[in-house]
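Its first residue numbered 0, the sequence shown is counted upward by one per residue in numbering that gives the first Met the number 0.
Just so you know, even glycine gets a beta-carbon here, dropped at the ideal spot from N, CA and C.
None of the values given here were measured: they were computed from a predicted structure.
What follows is one structure encoded as structure tokens, with my remarks underneath.
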Amino acid sequence: MKKTLALVLAMGLAVSMIGCTPKKAEQTAETAGEAASEAVEAASEAASVVTETFEDVKSEGVMTYAEYAAAEIDSEVVVETYVQAKQSWWEDKATVYTQDQDGAYFLYEMACSEEDYAKLTPGTKIKVTGYKSEWEGEVEISDATFEIEEGSYVAPAEDVTALLGTDELIENQNKFVAFKGMTVEASTDANGNEVAYLYKWDGSGEQGDDLYFNVSIDGKTYNFTVESYLCDKDSDVYKAVEGLEIGQTVDLEGFLYWYQGVNPHITKVTVK
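Take a look at the structure:
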């Protein structure tokens, strides 16, 4: 099917990891995390937008996104998708955000050599075979293998602000999304003080750990995350969240991760 799309031709994004409220698995990849942060910033600053006719035809035996979404948990799935961001590589396993024009696929600990991991630049098309799984509401592909194919696509941020608090939001799970006009709300730190953000979900961490912060719209408050493997303490977004003040209005971009409810991994913050 042909669609006219804005292809964001980004410079390389690199490594990162999933960051949820306690982590699924501890991965010591500080150097990789720094590389990921620098790459995320470079992509944001250097991306150029080109509009062209894009044709994304699935190969024989490959599921459409609708077929993937309808597949049972624990069933085998085969998809063709495009790398959007790499979260981590550790002991020949890679965790990667991917997306096509119809939906997104989160690849958890996919079998991947270090050499092949370097080839997974933003936009790279891959064919993935694995098993559809779920963890605390996050639907992902696990025990996966992949092969690189011809083609490229980087998704623009889709504004899902109006879907917050609705049943439709989860239909966009794992996509690269935007939230606009959000208000920074107070969190309570380990000492009982009201603050704009926390290191770790309960405030027990320190600089370099995941950041958690509350934002609201239309009277409802949501908890968002800066995942430290995706965007480390030296990244623009990490520093931006550390500089937030309660009551500020912000626009946000990131990946629509899920942990017992919506828990986006934020990659960009703009204070209005």
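*Which two residues bound the contiguous beta strand (DSSP E) that contains residue 271?*
Here residue 271 belongs to no beta strand (DSSP E), and DSSP marks it neither H nor E.
* Just the Cα atoms here: how many angstroms apart are residue 69 and residue 144? -> 21 Å
- Query: Mapping DSSP to helix, strand and coil, what is residue 106?
  - Reply: strand
Note to self: Quick check: residue 125 and residue 180, are their CB atoms within less than 8 Å of each other?
What the structure shows: no
In chain order, which continuous runs of the beta strand (DSSP E) of length 3 or greater are located wholly inside the stretch 133-165? 137-151
Where does residue 208 fall in DSSP's three states?
-> strand
**Report entry** Beta-carbon contacts of residue 118 that lie in its chain and below 8 Å, excluding the five residues immediately before and after
**Finding:** 147
Should residue 269 be labelled buried (16 or more other beta-carbon atoms within 10 Å of its own) or exposed?
exposed
Classify residue 140 as buried or exposed, calling it buried when 16 or more other Cβ atoms lie within 10 Å of its own Cβ.
buried
Check your understanding: Per DSSP, which one or two residues make a beta bridge with residue 87?
Key -> 94
Below 8 Å on the Cβ atoms is my contact criterion, and I expect residue 109 with residue 84 to pass it. Report the Cβ-Cβ distance as a whole number of Å.
With a Cβ gap of about 14 Å, residue 109 and residue 84 do not count as contacting.
| query | Taking all protein chains shown into account, do 16 or more other C-beta atoms lie within 10 angstroms of the C-beta of residue 27, making it buried, or fewer, making it exposed? | reply | Its pLDDT being 42, under 50, residue 27 is placed unreliably in this model, and the coordinates cannot settle the point.
- Item | Euclidean distance between Cα positions of residue 87 and residue 133 | 19 Å
Got a sec, what are the start and stop residues for the beta strand (DSSP E) residue 184 sits in?
175-184
Open item on the list: Let me check understanding here. Comparing Cα to Cα, which of 66, 81, 82 lies closest to residue 75?
Closed with: 66
Supposed contact pair residue 234 and residue 213 - C-beta distance, whole angstroms, cut 8 Å: Contact doesn't hold; Cβ gap of about 20 Å is too wide.
*asked:* Can you look up residue 256 in the DSSP assignment and give me helix, strand or coil?
replied: coil
**Item:** Own chain, CB closer than 7 Å to residue 25, minus 5 neighbours either side, in chain order
**Value:** Unreliable placement is indicated for residue 25, whose pLDDT of 47 sits below 50; no coordinate value is reported for it.
Query - N- and C-terminal bounds of the alpha helix (DSSP H) containing residue 199 - result: Premise fails: residue 199 is in no alpha helix (DSSP H) and is neither H nor E.
query = Whose CA, out of 211, 230, 57, 255, lies closest to the CA of residue 158?
reply = 255
Item to check | Spatial neighbours of residue 210 in its chain, beta-carbon cut-off 6 Å, leaving aside the 5 residues before and after | outcome: 196, 225, 240
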